[in-house]
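Q: What follows is a single structure, and I will ask about it in a moment.
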Amino acid sequence: MLKLVQKDWGRFDLEMERPDEGDDSAAATLVYAALFTDAEADSPSSRVTDRYDRRGWWADPKAGSDLWHVRRQPLDGSARKEALALVRRTIAERAPALRDIRVRETKAPSGAGSISNVFVDVDGMHNGRRFIVRVSL
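Mind the numbering: the sequence shown is residues 1 to 137 in the UniProt record's numbering, read in order.
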């Protein structure tokens, strides 16, 4: 399986999965793909007034999440709560290979350099192995 490997905050590379490595990269790939693929906005939408700016992937417009909606609004407490709810819902709906999922907000690692300063730990089971993935929103 082709997997995404996080090289730095906001930088990823592609590698082939090696089951003998026993790392969390296969689960991380499912999490990243579910969260950072933009789902198409409903039309009409109060959030997206331009019908040509509804995003979505051409092969499956509803795949992914609506996190991109949240990034377009002021990053206050309500946006943080909405983002966390979207993460929980998206992973449950879009990553069925992941089981017993928990999503917890966590503190940003020092030197992360993220503008939003919202980090979550996603943990659960994938292929019979426990995993944990830290994601910057």
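Note that beta-carbon positions come from the ideal geometry of N, C-alpha and C, so glycine has one too.
None of these values were measured; they are calculated from a predicted model.
Within the chosen definition, does the region 28-40 reach the region 59-78 through at least 3 CB pairs nearer than 8 Å?
A: Yes, the region 28-40 touches the region 59-78.
Q: Classify Y32: buried if its beta carbon has 16 or more other beta carbons within 10 angstroms, exposed otherwise.
A: Residue mapping note: residue 32 aligns to position 32 of the sequence shown, counting from 1. Buried, since its Cβ has 16 or more Cβ neighbours within 10 Å.
Q: Buried or exposed: which applies to residue 150, given that a residue is buried once 16 or more other Cβ atoms fall within 10 Å of its Cβ?
A: Past the edges of the chain, shown from 1 to 137, lies residue 150, and the structure says nothing about it.
Q: Could you spell out where the beta strand (DSSP E) holding L84 opens and where it closes?
A: Position 84 of the sequence shown, counted from the start, is the residue given in the question as residue 84. L84 -> not in any beta strand (DSSP E); alpha helix (DSSP H) instead, spanning G77 to R94.
Q: Between R99 and M125, which are expected to be in contact by the criterion C-beta below 8 Å, what is the C-beta distance as a whole number of angstroms?
A: Position 99 of the sequence shown, counted from the first residue, corresponds to residue 99. Position 125 of the sequence shown, counted from the first residue, corresponds to residue 125. The Cβ separation is near 4 Å, so the contact holds.
Q: Using the three-state DSSP reduction, which class does V120 fall into: helix, strand or coil?
A: As a working mapping, residue 120 is identified with position 120 in the sequence shown. Of the three classes helix, strand and coil, the one that applies to V120 here is strand, per DSSP.
Q: Could you check which residue in P96, A97 and K81 has the C-alpha nearest to that of R104?
A: Here residue 104 is taken as the residue at index 104 of the sequence shown, counted from 1. For the residues P96, A97 and K81, the minimum Cα distance to R104 belongs to K81.
Q: Within its chain, find whatever has a CB closer than 7 Å to the CB of D13; leave out the 5 residues flanking it on each side and keep chain order.
A: Stepping through the sequence shown from its first residue, residue 13 is reached at position 13. Result list for D13: V5 and K7, in chain order.
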